[in-house]
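Residue numbers (our numbering), protein chains in the order written: chain S, 1 to 294; chain D, 295 to 435. Idealized CB from N, CA, C, for every residue including glycine.
As structure tokens, then:
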């Protein structure tokens with residue numbers, strides 16, 4: 001409460017004033033955020049239920065271990081830490097914008113809104129990279145019929161099961177079609193010229209199997225299919241909130257720039273946009289916990 | 295730069311916002327520190343994977359969860375200024391969220407029970423989950 005004293009004996013419910021001491025718009029923003037919290041909560045709890053119901057959920061440290069421009073380096077938690085700090089920092093710049101609004105400092109609001117918008121855009125860029133990395137990834141996994149395939153992570157495919165032993169892999173290779181063996185052999189020569197790819201197609205099955213079996217390939221079982229749907233569904237829903245938050249913040253920046261709030265005499269719209277933006281950060285705290293940390 | 299003024303008759307008094315930005319930066323450092331501790335615990339679970347007892351893993355995860363709730367408290371209370379609002383507003387937001395307590399307990403227990411039903415109980419039946427289908431792989435190409 002700080003140094004503000006509530007007028008003693010205030011009859012909050014007797015009419016003529018807001019019993020919550022805030023404007024209608026702000027109360028409704030709070031109620032919207034509360035309903036949104038239940039939506040996100042339902043999604044995350046549903047994810048938790050399915051994750052608890054199987055023996056072999058994907059280990060986040062295996063799925064999320066890459067970093068832009070770091071090649072195949074194993075860096076669990078690194079990229080998501082960057083995303084988390086970007087979002088925390090953009091929350092700080094947002095609350096500083098609200099603070100400048102309280103002081104009626106137009107230039108200050110503009111500066112911090114720009115920084116907040118940049119933070120939001122940076123977060124979305126990170127998410128776009130992460131999604132692309134998963135959707136175009138190439139992982140060798142054993143399907144239900146005992147053959148090996150090259151799989152990305154999508155809503156229908158999850159290559160993140162338990163590791164296959166070397167013997168299991170060699171057995172599975174014997175059952176795998178020529179086409180898939182070529183595809184697997186080609187994942188061994190990433191970044192190599194296409195001559196390599198053409199060469200693989202002309203090898204016999206046994207030559208391909210020998211080449212694959214002697215390489216340092218990591219083959220796995222497939223994991224529960226639900227993983228992709230939950231991951232892309234929940235981070236996508238959150239990312240869409242970030243995206244709409246960035247749009248709202250751009251509108252708020254323009255309205256500040258045009259002097260609308262100065263004429264109005266207060267910057268309450270910045271506060272309401274700020275509530276939404278902090279909520280987006282708040283949800284990320286829980287998404288970070290449920291998908292990446294535990 | 296005069297302080298903002300509302301001409302809104304609904305509002306009885308305005309919280310005092312004349313203070314500086316010191317508190318905001320303090321909370322920034324608190325949130326950063328909590329996140330770094332979470333990451334350290336997460337990394338500990340990764341580095342010691344397979345060497346820890348189930349109880350240690352579970353209790354580390356519970357600690358990470360509690361740190362997350364602390365972060366949520368600071369974001370809502372300070373950044374969203376809910377802590378500066380009057381008790382009536384705070385209660386109308388916070389009390390309905392108590393439903394989550396039961397929601398989480400009930401559904402996670404349900405998931406766990408489902409897993410027990412799937413599992414084989416001494417191999418009297420086979421463990422079944424959905425596998426990635428051949429058709430999904432074919433149609434992706």
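- Residue contact check for residue 37 of chain S against chain D: a CB pair falls below 8 Å.
- It is roughly 49 Å from the alpha-carbon of residue 154 of chain S to the alpha-carbon of residue 18 of chain S.
- Chain D places no beta carbon closer than 8 Å to that of residue 249 of chain S, leaving this residue out of the contacts.
- Every unbroken stretch of the alpha helix (DSSP H) spanning 4 or more residues and falling wholly within the region 143 to 212 of chain S is given here in chain order: 166 to 175, 178 to 188, 194 to 201.
- Taking 7 Å as the cut-off between beta carbons, the residues of the region 320 to 352 of chain D near chain S are 322, 325, 326, 329, 332, 333, 336, 337, 340, in sequence order.
- By DSSP's assignment, residue 140 of chain S forms a beta bridge with S:150, S:219.
- In summary, the residues of the region 118 to 145 of chain S whose CB is separated from some CB of chain D by less than 8 Å are 141, 143, 144, 145, in the order they occur in the chain.
- Residue contact check for residue 419 of chain D against chain S: no CB pair falls below 8 Å.
- Nearest Cα to residue 28 of chain S within the set S:211, S:273, S:259: S:273.
- In the three-state DSSP reduction, residue 13 of chain S falls in the coil class, being neither helix nor strand.
- At the C-beta level, residue 109 of chain S and residue 97 of chain S come within 8 Å of one another.
- Residue environment analysis places residue 258 of chain S among the exposed positions, since fewer than 16 neighbouring C-beta atoms fall within 10 angstroms of its C-beta.
- If you look at residue 278 of chain S, you'll find it in the alpha helix (DSSP H) that goes 268 to 287.
- Counted as a single uninterrupted DSSP element, the alpha helix (DSSP H) harbouring residue 389 of chain D occupies residues 381 to 391.
- Annotation for residue 317 of chain D: the continuous alpha helix (DSSP H) segment containing it runs 316 to 341.
- Cβ contact annotation for residue 75 of chain S (same chain, cutoff 8 Å, sequence separation greater than five): 65, 66, 67, in chain order.
- Residue range 260 to 264 is occupied by the alpha helix (DSSP H) that includes residue 263 of chain S.
- Listed along chain D are 426, 430, 431, 434, each with a C-beta nearer than 8 Å to that of residue 157 of chain S.
- In the structure shown, residue 311 of chain D falls within a coil segment according to DSSP collapsed to helix, strand and coil.
- At least 8 Å separates the beta-carbon of residue 141 of chain S from that of residue 62 of chain S.
- Close partners of residue 370 of chain D in chain S (Cβ separation under 8 Å): 278, 282.
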